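Right, one structure below, let's go through it.
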Amino acid sequence: MLKVNSRIKEVLGSTTLAITARAKELKDQGADVVNFAAGEPDFDTPDYIKEAAVKAINGGFTKYTPSSGAEDLRVAICEKFKRDNKLDYKPNQIVVGCGAKHSIFNAVMVLCDAGEEVLIPAPYWVSYPEMVKIAGAKPVFIQTTKDAGFKITPQQLQAAINPRTKILILNSPSNPTGKIYSKKELEAIAEICVKHHVYVISDEIYEKLLYVDEPFVSIASLGKDIFDQTITVNGVSKAYAMTGWRIGYAAGPSEVMGYMKNLQDHSTSNPTSISQKATIAALKGSEAGITAMRDEFKARRDLMMSLVDKVPGVTYIKPDGAFYLFCDFSKFGLCADIAKRILNDVNVALIPGDGFGAEGWIRLTFSTSQERITEGITRIKAWIEKNGR
Ligand code: PMP
Ligand code: GLU
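Residues 688 to 1076 (this note's numbering) are what the sequence shown spells out, left to right.
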């Protein structure tokens, strides 16, 4: 019998990655697939970023860097935090990782001991509970409701905390709901976390994709106490269409960051040197490119909502950020079954909500052209009219 690590045995593969791969496979076989599954921008990485990478290659910046990232990149990240988030980090408080996923994973590994609890508001991004399980800790879900905008309330947070509680993972704007916590809501959460010494991992990867006028707020900016117990995570994948470059970063108390650096010393070492130079160009460049992408995402969101409005029996929660429309398909049965049938019958790839802790719901990514959005929702509507009870 195969004997593998008992914790790894319990870890589920990523639904988002699996369905995205299946959609690609069908497409490669010649099927006309509408991809509402992939959680990545469909835009190309802007030229000025690519040029910085080419320059790095030609200039021989192709060797190891410090495992927490080159000094000039960590300085650029500190400047970004200061400019965009009113956060005052020093370069020794930054660890650059191979994507925000890697940075969150390392933060969980460093902070958690076996048996400790990590609070995860549900619906959640698929990877959080699995990371916690790999660390030997216990994911504890706080179930939110559509009426509460899929956001936790201070009362729920307070009730979930016990002496074993170590971390709260916050994700605003959220994948999969697109909802955003307001400053006031974050203040209430921060107060409770400070009172009970609960660390916060704040996943801010969708920060630049906002469709509301309110400015984005980082929870760590709300006072010294919460600053000292927050790990702020961000990256370039979503804002700069750089998913394949694999650069994310974490910022937090220097002691915690020192342990995260040690973990990288013995696992990945530094993230790719070339991608690090590209990231400096991204962070220091003009924001015009990302604003244009954001505006197009907003137009796609509005189009997708207007089309889903006409699909009988399907409702959704209006996203204020990110690029996902989270839809309630519960009238039609189990979401995994529906998503599979829609993919097989009409070639539209969707992510069922069960992987996000939301049975009955299905995530539709609006990271494809307006033409394909129209085509995909037209197919879903026809499928529902034919198969919906
Ligand atoms: N957090 C959330 C909520 C995400 O949706 C993603 C997307 N993969 C990530 C983190 C990780 O992004 P990356 O590793 O590409 O930086
Ligand atoms: N985060 C994206 C998603 O939710 C990309 C896939 C992944 O890494 O999970 O689809």
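By construction, the Cβ of each residue, glycine as well, lies at the ideal position given by its N, Cα and C atoms.
None of these values were measured; they are calculated from a predicted model.
Within the present structure, is the beta-carbon of residue i separated from the nearest heavy atom of the ligand GLU by less than 7 Å?
{"i": "K788", "result": "yes"}
{"i": "G726", "result": "yes"}
{"i": "T703", "result": "yes"}
{"i": "N862", "result": "yes"}
Whole-angstrom Cβ separation of residue i and residue j, contact assumed at under 8 Å?
{"i": "R988", "j": "Y898", "result": "6 Å"}
{"i": "G865", "j": "D1007", "result": "6 Å"}
{"i": "P999", "j": "I1071", "result": "6 Å"}
{"i": "A928", "j": "M980", "result": "7 Å"}
{"i": "S962", "j": "W932", "result": "4 Å"}
{"i": "K925", "j": "L896", "result": "6 Å"}
{"i": "V782", "j": "K948", "result": "6 Å"}
{"i": "G910", "j": "A877", "result": "7 Å"}
{"i": "R851", "j": "G802", "result": "7 Å"}
{"i": "S960", "j": "K750", "result": "6 Å"}
{"i": "F984", "j": "F1010", "result": "5 Å"}
{"i": "Q845", "j": "I807", "result": "Going by Cβ atoms, the distance from Q845 to I807 rounds to 16 Å, so no, they are not a contact pair."}
What are the start and end residues of the beta strand (DSSP E) that includes residue i?
{"i": "N858", "result": "852-858"}
{"i": "I791", "result": "Looking at the DSSP string, I791 is not in any beta strand (DSSP E); the run it does join, the alpha helix (DSSP H), is 787-798."}
{"i": "D900", "result": "Note, D900: premise wrong, no beta strand (DSSP E); not H, not E."}
{"i": "Q682", "result": "Nothing about residue 682 can be read from this structure; the chain reaches only from 688 to 1076."}
{"i": "A809", "result": "804-809"}
{"i": "Y1011", "result": "1011-1015"}
{"i": "I934", "result": "Segment: none, I934 is in no beta strand (DSSP E) and carries neither H nor E."}
{"i": "I821", "result": "I821 -> not in any beta strand (DSSP E); alpha helix (DSSP H) instead, spanning 814-821."}
{"i": "N687", "result": "Only positions 688 to 1076 of the chain appear in the structure, and residue 687 is not among them; the question remains open."}
How about residue i and residue j: do their beta carbons lie closer than 8 Å?
{"i": "Y868", "j": "K838", "result": "yes"}
{"i": "M818", "j": "I848", "result": "no"}
{"i": "F730", "j": "G1063", "result": "no"}
{"i": "V1153", "j": "I856", "result": "The requested residue 1153 does not occur in the structure, where the chain is confined to residues 688 to 1076."}
{"i": "P810", "j": "P728", "result": "no"}
{"i": "T917", "j": "G935", "result": "no"}
{"i": "V920", "j": "D890", "result": "yes"}
{"i": "F1016", "j": "W1048", "result": "yes"}
{"i": "I854", "j": "V797", "result": "no"}
{"i": "T1061", "j": "L1012", "result": "no"}
{"i": "Q1057", "j": "L950", "result": "no"}
{"i": "D996", "j": "A1023", "result": "no"}
{"i": "P778", "j": "C765", "result": "yes"}
{"i": "A740", "j": "K964", "result": "yes"}
{"i": "R1028", "j": "I1038", "result": "no"}
{"i": "Y893", "j": "P841", "result": "no"}
{"i": "T1052", "j": "A824", "result": "no"}
{"i": "P733", "j": "G976", "result": "yes"}
{"i": "N957", "j": "P826", "result": "no"}
{"i": "I821", "j": "V698", "result": "yes"}
{"i": "N772", "j": "S908", "result": "yes"}
{"i": "D759", "j": "I888", "result": "no"}
{"i": "V881", "j": "I906", "result": "no"}
Is residue i a contact residue of the ligand PMP, with contact defined as CB to any heavy atom under 7 Å?
{"i": "I892", "result": "yes"}
{"i": "W812", "result": "yes"}
{"i": "N1031", "result": "no"}
{"i": "S924", "result": "yes"}
{"i": "T930", "result": "yes"}
{"i": "G935", "result": "yes"}
{"i": "N722", "result": "no"}
{"i": "N949", "result": "no"}
{"i": "N858", "result": "yes"}
Quick one: give me the first and last residue of the alpha helix (DSSP H) that residue i is part of.
{"i": "C1022", "result": "1022-1033"}
{"i": "L909", "result": "That residue, L909, is in no alpha helix (DSSP H); it is neither H nor E in DSSP."}
{"i": "V741", "result": "734-745"}
{"i": "L950", "result": "941-952"}
{"i": "P753", "result": "Segment: none, P753 is in no alpha helix (DSSP H) and carries neither H nor E."}
{"i": "T707", "result": "702-715"}
{"i": "T966", "result": "960-971"}
{"i": "T1065", "result": "1057-1074"}
{"i": "I695", "result": "693-696"}
*Mind listing, in chain order, the continuous beta strand (DSSP E) runs of no fewer than 3 residues lying wholly within the region 982-1006?*
1002-1004
*asked:* Runs of 3 residues minimum, wholly inside the region 834-890: which ones carry the beta strand (DSSP E) assignment?
replied: 852-858, 886-890
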